[in-house]
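Colleague: Quick one: the structure is below, questions incoming.
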Amino acid sequence: MSISIKETSHSPEQLKTMLYDMMVIRSFEETVEKLFQQGRIHGTMHLCIGQEATAVGACVPLTNEDKITSTHRGHGHSLAKGTKVKGMMAELLGKETGYCKGKGGSMHIADLDVGNLGANGIVAAGLPLATGAALTSKMKNLGYVVVSFFGDGATNEGAFHEAINLASVWDLPVVFFCENNLYGMSGSIKEMTNIANIADRGAAYGIPSETIDGNNVLEVAEATERAVARAREGKGPTLIEAHTYRWRGHSRSDARKYRTRVEEKEWRQMRDPIASFKEQLVAENILMEEEYEALDKKVQAEMDEAVKFAENSKEPSLDTLMNDIFA
Amino acid sequence: MREVTYLEAIREAMSQEMRKDDNVFIMGEDIGIYGGAFGLTNGMIEEFGPERVRNTPISEAAISGCAVGAAMTGMRPILEIQFSDFIMIAMDNIVNQAAKTRYMYGGKAQVPIVIRLPGGSGAGFAAQHSQSLEAWMTHVPGLKVVQPSNAYDAKGLMKAAIKDNNPVLFYEHKLLYNTKGEVPEEDYEIPLGQADIKKEGSDITIVATAIMVNKALEAAVELEKEGISVEVIDPRTLVPLDTATILESVKKTSRVLVVYEAVKRSGYGAEIVSMIAESDVFDYLDAPIRRLGGLATPIPYNPVLEKAAVPQVDDIVQECKKLMNK
Ligand SMILES: Cc1ncc(C[n+]2csc(CCOP(=O)(O)OP(=O)(O)O)c2C)c(N)n1
Ligand SMILES: [Mg+2]
Chain A
1 MSISIKETSH SPEQLKTMLY DMMVIRSFEE TVEKLFQQGR IHGTMHLCIG QEATAVGACV
61 PLTNEDKITS THRGHGHSLA KGTKVKGMMA ELLGKETGYC KGKGGSMHIA DLDVGNLGAN
121 GIVAAGLPLA TGAALTSKMK NLGYVVVSFF GDGATNEGAF HEAINLASVW DLPVVFFCEN
181 NLYGMSGSIK EMTNIANIAD RGAAYGIPSE TIDGNNVLEV AEATERAVAR AREGKGPTLI
241 EAHTYRWRGH SRSDARKYRT RVEEKEWRQM RDPIASFKEQ LVAENILMEE EYEALDKKVQ
301 AEMDEAVKFA ENSKEPSLDT LMNDIFA
Chain B
1 MREVTYLEAI REAMSQEMRK DDNVFIMGED IGIYGGAFGL TNGMIEEFGP ERVRNTPISE
61 AAISGCAVGA AMTGMRPILE IQFSDFIMIA MDNIVNQAAK TRYMYGGKAQ VPIVIRLPGG
121 SGAGFAAQHS QSLEAWMTHV PGLKVVQPSN AYDAKGLMKA AIKDNNPVLF YEHKLLYNTK
181 GEVPEEDYEI PLGQADIKKE GSDITIVATA IMVNKALEAA VELEKEGISV EVIDPRTLVP
241 LDTATILESV KKTSRVLVVY EAVKRSGYGA EIVSMIAESD VFDYLDAPIR RLGGLATPIP
301 YNPVLEKAAV PQVDDIVQEC KKLMNK
C-alpha cells in the first residue's frame with residue numbers, strides 16, 4: 001500500500017518540511033562521518049544514512065509534548081524530534097556546549113525539552129523506558145504519546161517482549177516503531193528469526209501491527225499517525241515495522257562481509273528515501289529545482305555553522321567530572 | 001620467540017582447544033563472518049563452521065542460559081558477551097543459575113562455561129560500554145574470575161579456563177587487544193590462582209590488575225630513576241586469589257599500593273587490601289596500605305575526562321612517592 005503525494009492530506013509546506021528534515025539528517029551524518037575519518041571525533045558512531053524517512057515520518061504526528069526513545073543509531077531520531085544540530089555536533093566533539101556537556105557522546109544524546117528521552121547504548125533498552133513514559137502520561141492524564149524506536153535486532157531481546165506485553169495489558173499510549181534495516185550488526189534478520197515479518201509479533205501481544213515501506217516518508221507518517229491516534233484515544237500500543245536499509249557499515253570498522261555490494265547498490269539507487277521523495281515533489285510541481293538547490297545550500301550552511309560552533313566551544317573543565325552523578 | 005597480540009593469543013587458545021575437544025564451542029553476537037566486535041574470532045567460522053561458531057541473535061539472556069544448559073549436559077561452551085557491560089542482561093543465568101548449580105544440587109551437576117567479557121575504558125565508548133564491574137562477580141560464590149594483562153597470560157589462562165569444570169568469567173581489556181607479546185605456539189596452561197611477579201623490587205609492592213599492570217610497570221621505570229624500587233605483582237585471577245605470592249612480597253618490601261581501573265569504592269582492590277591487613281604480614285608494614293582506583297563516576301565520553309576518571313601512570317608514580325614520604 002504505497003502512498004503517493006496525490007493521496008496525502010499533508011500540505012505542500014508540510015511536505016517540503018519533511019524533505020528538508022531528511023536532508024538535514026543526511027547532511028549531519030555525512031558531516032560527522034567526515035569529521036570522524038579526520039580524527040576530529042573520537043569513539044564510535046552509528047550512521048543512519050539511508051534511513052532518514054523512518055525518523056522523519058514517525059515524528060510527523062508528534063507534538064513537542066510527545067516523546068521518543070531512541071537507539072545507538074539515533075542521530076536521525078533526535079534531529080527529527082527537534083533536537084538541534086549545533087548542540088548535537090558539540091556533543092559529538094565532546095564539548096561543554098553539547099547536549100550532554102560532552103559526557104554522553106553519539107550514543108547518549110538526549111534533549112528532554114523536546115521530548116527526546118535519549119539515545120541508548122544498550123540494544124532494546126528503550127522499549128521498557130517508553131512503556132514507563134507512557135505510563136506517566138496515562139496516570140497523570142497528560143495526553144502525550146511515546147514513540148519507541150528500535151532495530152530489527154532488538155526484537156530478539158527479552159526487553160522487547162516484556163515491554164510490549166506490559167504496554168498492551170495496561171493499554172498505554174506508546175507506538176513501538178521497528179526500523180527493520182535487515183541486519184543487526186552483522187546478523188541478517190533471516191537468520192535471526194523464523195518469521196516473515198516482525199509485525200507478525202504484534203499478534204503475540206494482542207495489538208495491531210503493520211509492515212510498511214520505511215523509505216517512503218509519507219507512508220511512514222501516515223502509519224504513525226494512525227498509531228498515534230489510537231494511542232491518544234486510549235486504545236493502547238501499536239507495533240509498526242518499517243523496512244529500510246543502512247547504507248554504511250554498522251559502525252566505524254565494518255568490512256560488510258555479511259551482505260553483497262549488489263544489494264547495497266540496489267537500495268541506494270532504487271530506494272533512496274530522499275531522492276525518491278524529491279522527485280515526486282518536483283513531478284507534482286510542489287517543489288522547483290531551484291528551491292531544492294536553495295534548501296541544499298541552507299542545510300550545508302547549517303552544518304558549517306554547527307561545526308564552527310562545536311570546534312570553537314570549550315572542552316568541559318576537569319572539575320565537571322564528578323558533577324551530575326547524584327541530584 | 002614469535003610475537004602475537006593479546007587478541008590473537010585468546011583466539012589461538014580457543015582454536016587449539018576446539019581442535020582437541022569437540023565439546024568446546026563458541027557462541028555470541030556477530031562472532032561469525034564479522035569476527036566479533038573486536039575481530040577476535042576472525043577466521044574461526046571458516047575453520048570450525050557455523051555449528052561450533054554459533055552466531056546468535058541479540059539475546060544475552062537466552063544465550064547465557066543456553067550456555068549453562070548445554071554445559072550441564074556435557075558441552076563446554078565459550079560465550080562471548082560483546083561488551084562486558086551487557087552481562088547485566090545475562091545476570092540471572094550467571095548468578096542464580098551457573099554459580100550455584102553444583103552446590104544446590106549437592107555436587108551432582110556442573111557448569112563448565114567460559115564467559116568472555118571485553119571491559120574497561122579508554123576507547124571513547126562512554127558510560128554503557130566502558131565499565132569494569134569484575135568485583136561484582138568475585139562476590140558470588142561459585143564463579144571464578146580471570147583478568148589477564150598480557151598476551152602470554154591470556155593464552156595460558158584461557159586454556160585453563162576452558163578446562164576448568166566451573167563457570168569462569170574471563171575479563172579482557174579492550175586497550176590490551178592489540179598489545180603484543182611473546183607467545184609460544186605450543187600448548188601451555190597457566191593454572192587459575194597463580195599470581196605472577198612481573199617485576200622484582202625491594203621498596204614497594206604494587207598489586208595491579210589488568211591494564212593497570214602495564215601502567216604500574218611504566219611507573220616502575222620512572223620510579224627507578226628516582227631511586228625507588230618497585231615490585232609489580234599481577235594476581236591474574238581474582239578468584240581464586242594467590243594470597244601467598246602477594247603476602248610474601250609485602251613481607252619483603254613493607255609497603256603496598258593496590259591499583260585497579262574499576263571504581264575504587266567496593267572494587268576488588270578493597271578485598272586485596274583487607275586480605276593483607278588481616279594477615280600476620282600486617283606487622284611488617286612500614287606505612288599504611290594505599291589504594292588507587294577509578295573515581296566513583298560513570299565513564300564520560302570526552303577523552304580528557306575519560307582519562308581523568310581512571311588511574312594513569314603519573315598517579316601511580318605519585319602514590320608511590322607518598323608511600324616513600326618523598
Ligand atoms: C544489549 C546489547 N547487546 C549487544 C549490543 C551491541 N550492538 C550494538 S548495536 C547492535 C546491532 C543492533 O541491531 P538493530 O537492533 O537491528 O539496530 P541497527 O544497528 O540495525 O540500527 C549490537 C549487536 C548492545 N549495544 N547492547
Ligand atoms: Mg537492524
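So the protein sequences, as listed, match chains A and B.
Numbering-wise (UniProt numbering), the first sequence opens with residue 1 and increments by one.
Numbering-wise (UniProt numbering), the second sequence opens with residue 1 and increments by one.
Just so it is clear, CB atoms sit at the ideal spot from N, CA and C, and this is done for glycine as well.
1) Note the first and the last residue of the continuous alpha helix (DSSP H) segment covering P273 (chain A).
2) Residues in the same chain with beta-carbon distance under 7 Å from D242 (chain B), minus the five sequence neighbours each way, listed in chain order, please.
3) For ligand 1, I want to know if F38 (chain B) counts as a neighbour, meaning its beta carbon is within less than 6 Å of at least one of the ligand's heavy atoms.
4) Does the contact criterion of 3 or more C-beta pairs under 8 Å hold for the segment 187-194 of chain A versus the segment 162-173 of chain A?
5) Quick one: list the residues of chain B neighbouring I195 (chain A), beta-carbon separation under 7 Å, in chain order.
6) Please compile the residues from chain B whose C-beta is within a distance smaller than 8 Å of the C-beta of S186 (chain A).
7) For I204 (chain B), list the residues DSSP reports as bridge partners.
8) Could you tell me whether any Cβ in chain A is nearer than 7 Å to the Cβ of Y6 (chain B)?
9) Would the C-beta of N181 (chain A) count as close to ligand 1, meaning under 6 Å from any of its heavy atoms?
10) Hey, would you say the C-beta of F86 (chain B) is under 6 Å away from at least one heavy atom of ligand 1?
11) Using 8 Å for Cβ pairs, my map puts Q82 (chain B) next to E3 (chain B). What's the rounded Cβ distance?
12) What does S59 (chain B) touch in chain A if you count any residue whose Cβ is under 8 Å from its own?
13) Do you know offhand how far E291 (chain A)'s Cα is from A283 (chain A)'s?
14) Between the segment 299-315 of chain B and chain A, which residues of the former have a C-beta closer than 7 Å to a C-beta of the latter?
15) What span of residues does the alpha helix (DSSP H) with H75 (chain A) cover, start to end?
16) Is the segment 239-254 of chain B touching the segment 106-120 of chain B in the sense that three or more CB pairs, one from each, lie closer than 8 Å?
17) With DSSP run on the structure shown, which of helix, strand or coil describes M1 (chain A)?
18) I'd like the ranges of any beta strand (DSSP E) spanning at least 3 consecutive residues and lying wholly in the segment 23-96 of chain B.
19) Got a sec? Which residues, its chain only, sit under 6 Å from M1 (chain A) by beta carbon, not counting five neighbours each side?
20) Residues in the segment 111-139 of chain B with C-beta within 9 Å of chain A's C-beta atoms, listed in sequence order?
21) Does the beta carbon of T41 (chain B) sit closer than 7 Å to a beta carbon anywhere in chain A?
22) With the cut-off set at 7 Å, would you say E306 (chain B) and G120 (chain B) are in Cβ contact?
23) Tell me whether G153 (chain A) counts as near ligand 1, meaning its Cβ is closer than 6 Å to at least one heavy atom of that ligand.
24) Does DSSP put I162 (chain B) in a helix, in a strand, or in coil?
25) To the nearest angstrom, how far is it from the Cα of D203 (chain B) to the Cα of F170 (chain B)?
26) Using beta-carbon positions only, say whether T205 (chain B) and S274 (chain B) come within less than 7 Å of one another.
27) Between R201 (chain A) and T260 (chain A), which are expected to be in contact by the criterion C-beta below 8 Å, what is the C-beta distance as a whole number of angstroms?
28) Taking 6 Å as the cut-off, does the CB of E29 (chain B) come closer than this to any heavy atom belonging to ligand 1?
29) According to the Cβ coordinates, are I325 (chain A) and Q128 (chain B) closer than 7 Å?
30) The segment 301-319 of chain A: which residues have C-beta closer than 7 Å to a C-beta of chain B, in chain order?
31) Check whether the Cβ of T245 (chain B) lies closer than 7 Å to any Cβ atom in chain A.
32) What residues in its chain sit with their C-beta under 7 Å from that of N181 (chain A), if we drop five residues either side in the sequence?
33) Indicate, with yes or no, if ligand 2 has a heavy atom lying under 6 Å from the CB of G214 (chain A).
34) Contact check, A216 (chain B) vs A208 (chain B) under 8 Å by CB: the rounded distance?
35) I122 (chain A) CB to nearest chain B CB: under 7 Å?
36) Note down, in chain order, all residues in the segment 107-122 of chain A with a beta-carbon under 8 Å from any beta-carbon belonging to chain B.
Modeller: Inspection of the coordinates gives the following:
1) Here residue 273 (chain A) refers to the residue found at position 273 when the first sequence is read from its first residue. P273 (chain A) -> alpha helix (DSSP H) spans P273 to A283.
2) Translated into positions along the second sequence, residue 242 (chain B) becomes position 242. Within the same chain, Cβ atoms closer than 7 Å to the Cβ of D242 (chain B) are found at G193, Q194, A195 and P235, the five residues on either side in sequence being excluded.
3) In the second sequence, counting from the first residue as 1, residue 38 (chain B) sits at position 38. For ligand 1, not one heavy atom lies less than 6 Å from the Cβ of F38 (chain B).
4) With the cut-off at 8 Å, the segment 187-194 of chain A and the segment 162-173 of chain A do not touch.
5) Against the first sequence, residue 195 (chain A) aligns to sequence position 195. By Cβ distance, chain B contributes nothing, its closest Cβ being about 12 Å from I195 (chain A), past 7 Å.
6) As a position in the first sequence, residue 186 (chain A) is number 186, starting the count at 1. Against chain B, a Cβ distance below 8 Å from S186 (chain A) picks out D30, G32, I33, Y34 and N55.
7) Start at 1 with the first residue of the second sequence, and residue 204 (chain B) comes out as number 204. Note: I204 (chain B) sits in a beta bridge opposite B:V230.
8) In the second sequence, the residue the question calls residue 6 (chain B) occupies position 6. Output row for Y6 (chain B): interface = no.
9) Within the first sequence, the letter at position 181 stands for residue 181 (chain A). Because some heavy atom of ligand 1 lies under 6 Å away, the Cβ of N181 (chain A) counts as near it: yes.
10) Here residue 86 (chain B) is taken as the residue at index 86 of the second sequence, counted from 1. Under cutoff, so the answer is yes.
11) As a first step, residue 82 (chain B) is located in the second sequence; it is residue number 82 there, counting from the start. As a first step, residue 3 (chain B) is located in the second sequence; it is residue number 3 there, counting from the start. The distance from the Cβ of Q82 (chain B) to that of E3 (chain B) is about 27 Å, inconsistent with a contact at the 8 Å cut-off.
12) Taking the first residue of the second sequence as 1, we reach residue 59 (chain B) at position 59. Per Cβ cutoff of 8 Å: N156, E157 and G158.
13) Locating residue 291 (chain A) in the first sequence gives position 291, where the first residue counts as 1. Locating residue 283 (chain A) in the first sequence gives position 283, where the first residue counts as 1. Roughly 14 Å separates the two Cα atoms.
14) Closer than 7 Å at the C-beta level to chain A, one finds these residues of the segment 299-315 of chain B: P300, Y301, N302, P303, V304, L305, A308 and A309.
15) By one-based count along the first sequence, residue 75 (chain A) stands at place 75. H75 to K81 is the extent of the alpha helix (DSSP H) around H75 (chain A).
16) No, the segment 106-120 of chain B does not touch the segment 239-254 of chain B.
17) In the first sequence, counting from the first residue as 1, residue 1 (chain A) sits at position 1. With a pLDDT of 46 at M1 (chain A), under the threshold of 50, the modelled position of that residue is not reliable, and no figure is offered here.
18) Those beta strand (DSSP E) runs which fall completely within the segment 23-96 of chain B and span 3+ residues are 24-28, 53-55 and 76-80.
19) Counting from 1 along the first sequence, the entry for residue 1 (chain A) is found at position 1. The pLDDT assigned to M1 (chain A) is 46, lower than 50, so where the model puts this residue is not dependable; a value taken from the coordinates is nonetheless given after this. Its chain contains no residue whose beta carbon lies nearer than 6 Å to that of M1 (chain A) once the 5 sequence neighbours on both sides are disregarded.
20) Along the segment 111-139 of chain B, going in chain order, the ones with a CB nearer than 9 Å to a CB of chain A are A123, G124, F125, A126, A127, Q128 and H129.
21) Counted from its first residue, the second sequence places residue 41 (chain B) at position 41. No, its Cβ sits nowhere closer than 7 Å to a Cβ of chain A.
22) Along the second sequence, read from residue 1 onward, the residue named residue 306 (chain B) stands at position 306. Along the second sequence, read from residue 1 onward, the residue named residue 120 (chain B) stands at position 120. One thing to note: E306 (chain B) has its Cβ no nearer than 7 Å to the Cβ of G120 (chain B).
23) Along the first sequence, read from residue 1 onward, the residue named residue 153 (chain A) stands at position 153. Answer for G153 (chain A): yes, Cβ within range of ligand 1.
24) Here residue 162 (chain B) is taken as the residue at index 162 of the second sequence, counted from 1. Helix.
25) For the purposes of this step, residue 203 (chain B) is taken as residue 203 along the second sequence, with counting starting at 1. For the purposes of this step, residue 170 (chain B) is taken as residue 170 along the second sequence, with counting starting at 1. Rounded to the nearest angstrom, the two C-alpha atoms are 32 Å apart.
26) Here residue 205 (chain B) refers to the residue found at position 205 when the second sequence is read from its first residue. Here residue 274 (chain B) refers to the residue found at position 274 when the second sequence is read from its first residue. The beta carbons of T205 (chain B) and S274 (chain B) sit no closer together than 7 Å.
27) Sequence index remark: in the first sequence, residue 201 (chain A) carries index 201 (1-based). Sequence index remark: in the first sequence, residue 260 (chain A) carries index 260 (1-based). That belief does not hold up - the Cβ atoms of R201 (chain A) and T260 (chain A) are roughly 28 Å apart, past 8 Å.
28) Taking the second sequence and counting its residues from 1, the one referred to as residue 29 (chain B) is at position 29. Because some heavy atom of ligand 1 lies under 6 Å away, the Cβ of E29 (chain B) counts as near it: yes.
29) If you number the first sequence from 1, residue 325 (chain A) lands on position 325. If you number the second sequence from 1, residue 128 (chain B) lands on position 128. Between I325 (chain A) and Q128 (chain B), the CB-CB gap reaches or exceeds 7 Å.
30) Interface annotation for the segment 301-319 of chain A against chain B: E315, P316 and L318, criterion Cβ-Cβ distance under 7 Å.
31) Counted from its first residue, the second sequence places residue 245 (chain B) at position 245. By this cut-off, T245 (chain B) is not an interface position.
32) Position 181 of the first sequence, counted from the first residue, corresponds to residue 181 (chain A). Only Q51, G151, D152, T244, Y245 and R246 meet the Cβ criterion.
33) Within the first sequence, the letter at position 214 stands for residue 214 (chain A). Taking 6 Å as the cut-off, the C-beta of G214 (chain A) does not count as close to any heavy atom of ligand 2.
34) To locate residue 216 (chain B), count along the second sequence from 1; it is residue 216. To locate residue 208 (chain B), count along the second sequence from 1; it is residue 208. Indeed they touch by this definition, with Cβ atoms about 4 Å apart.
35) Position 122 of the first sequence holds residue 122 (chain A). Yes, I122 (chain A) counts as interfacial toward chain B.
36) Against chain B - using a Cβ distance shorter than 8 Å - the residues of the segment 107-122 of chain A are M107, H108, N120, G121 and I122.
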